[in-house]
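Residues 833 to 947, numbered by this note's numbering, are exactly what the sequence shown covers, in order. Each residue gets a CB set at the ideal place from its N, CA and C atoms; glycine is no exception.
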Amino acid sequence: MRRGGGHHELHYNEPGGHLFGEKPLPKGQKRKWESWEYIWNFGIWGCFAYAGIGLYYKPDMGIGIWARAEAEKRLQEKGISLDYPHTESFNEIRYKELKARMKIEKEQAKSDIHH
833 MRRGGGHHEL HYNEPGGHLF GEKPLPKGQK RKWESWEYIW NFGIWGCFAY
883 AGIGLYYKPD MGIGIWARAE AEKRLQEKGI SLDYPHTESF NEIRYKELKA
933 RMKIEKEQAK SDIHH
């Protein structure tokens, strides 16, 4: 038993090989926009810009941010300081040693010249 009645062929637009059915223009000519294309382009690029600016300035509301603030608050209530004293790095120590050594060598060179 058949339903839908009648014999119908499939209806579709035969592909013509051109994007949106528009034939390419001759060299040197530009395609003229239709009236709705101006509004659509302004709207789509405006939405992208609005979303981009919104995402850039969105506050960070992650669980890690909240947890860090909560931990700092609890440590401060207990009287534990989060600051630590500055310690010299290896490079700072080496720089001071080299500077002192160069000063000593310079003084020795002066004393060798005078003697």
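8 Å Cβ cutoff met for residue i and residue j
i	j	result
Leu914	Glu904	yes
Distance between beta carbons of residue j and residue i, contact taken as under 8 Å
i	j	result
His850	Pro858	With 8 Å as the limit, His850 and Pro858 do not qualify as a contact, their Cβ atoms being about 14 Å apart.
>> As an exercise, report each continuous alpha helix (DSSP H) stretch of at least 4 residues that is fully enclosed by the stretch 837-917, in chain order.
In response: 867-888 and 895-910
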